[in-house]
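Heads up: the structure comes next, in structure tokens.
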Amino acid sequence: MREETPEGKYVYCISGGEARKHFGGIGVCGNHVYTISSQGMTAVVHDCQPTPYNSKDLAEAAKWLATHNKVIELAMNEFGATVPLRFNTIFKPAESTTSTQVLAQWMSEENNVLKEKLRRVAGKKEYGVQIYCGEEAFKGNAAALDDLKQKISASSPGTAYLYRQKLDYAVTKNIQDTTVSLSRKFHSTIKENVSEISVLKKRNDVEGKLMLANFACLADEAQAEKLGGELEKIHENGFEVQFTGPWPPYNFMGTK
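Next up, the structure:
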């Protein structure tokens, strides 16, 4: 349990302009969310102890993260362009300076940087694009692979072993070459339909499927609609597509 006397400021995001707003107890752990303004910037915050939120309960931690994002989305709807900060961004008091003063000083020092970030995301949100495929995408060199398989069947054990090594290499190279080629093709197609695109680390979290591409995209509503149409074409060509969002533009901020 946390102590009752808060000393820190948990900051969800930064918006442009100066606005006084109380959102009520919608924050992490039901904390009261409100705004602090300085230097033409508005921070969405709640009062907290100057220590991170930690929990061994994964369900509780996931709930905190979801709440963090919901507050940012509410701020985006209320104020427009918003710079999202990472979960557990907490400003602490320093010597005779309160956490509110520390936050105000940071907004002053980072004013130009924050304004540029707000300009960059104005009217836009983040969307996620993941593209998967099955084995059918790797049949481009099927003839060469079949030839190796026939040689294995017709060879002595020693020679067959060498052919198996060649087959394993050929299969691996075929997958790598095809993956790189398709990823570049998808990147080119998607880039033409969004304001910015960021290449994220590939994951293999769908059983029986290989992730070919994982992108974060910054787009306005019209671009997102057009992107959806292009992704539908990719899906019709036999690929599995996940198109998620809109989200706060975390992958285009590089914030505190």
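Going by this note's numbering, the sequence shown opens with residue 2, and the numbers climb by one from there.
Heads up, the beta-carbon is just placed ideally off N, CA and C, and yes, glycines get one too.
For H69, the number of other beta carbons within 10 angstroms of its own is at least 16, and it is reported as buried. Taking a C-beta distance under 8 Å as the contact criterion, S39 and R21 do not qualify as a contact pair. The beta-bridge partner set that DSSP reports for I132 consists of A214 and V242.
In this structure the segment 110 to 122 lies against the segment 39 to 57, because at least three pairs of beta carbons, one per stretch, are closer than 8 Å.
Close CB contacts of K227 within its chain, under the 7 Å cut and outside five residues either way in sequence, are with N194 (chain order). Annotated three-state conformation of M108 is helix, per DSSP. Linking P247 to Y128 through their CA atoms gives a straight-line distance of about 5 Å. Two segments are said to touch when three or more pairs of C-beta atoms, one from each, lie closer than 8 Å; by this definition the segment 231 to 246 touches the segment 118 to 128.
Beta-carbon to beta-carbon, A214 and F187 are separated by about 5 Å, close enough to satisfy the 8 Å threshold. When DSSP reads this structure, E197 sits in a beta bridge with L219.
S100 sits in a helix when the DSSP states are folded into three classes. Within 10 angstroms of the beta-carbon of A60 lie fewer than 16 other beta-carbons, which makes it exposed.
Sequence-distant partners of V103 (beyond 5 residues in either direction) whose C-beta falls short of 6 Å from its own C-beta, in its chain, are F92 and A95.
Remark: C-beta atoms of L119 and V84 approach each other more closely than 8 Å. Distance between F216 and V181, taken at the CA atoms: about 14 Å.
The shortest C-alpha to C-alpha distance from E117 to any of S196, G17 and T101 is the one to G17. The C-alpha of S56 is placed about 31 Å away from the C-alpha of F80. Beyond the five residues adjoining it in sequence on each side, E19 comes within less than 8 Å, by CB distance, of S38, S39, G41, M42 and T43 in the same chain, given in chain order.
Under the DSSP assignment, M42 falls in the beta strand (DSSP E) whose first and last residues are M42 to C49.
Apart from the 5 residues on each side of it in sequence, L75 sits with its Cβ closer than 8 Å to the Cβ of F24 and I27 in its chain, given in chain order.
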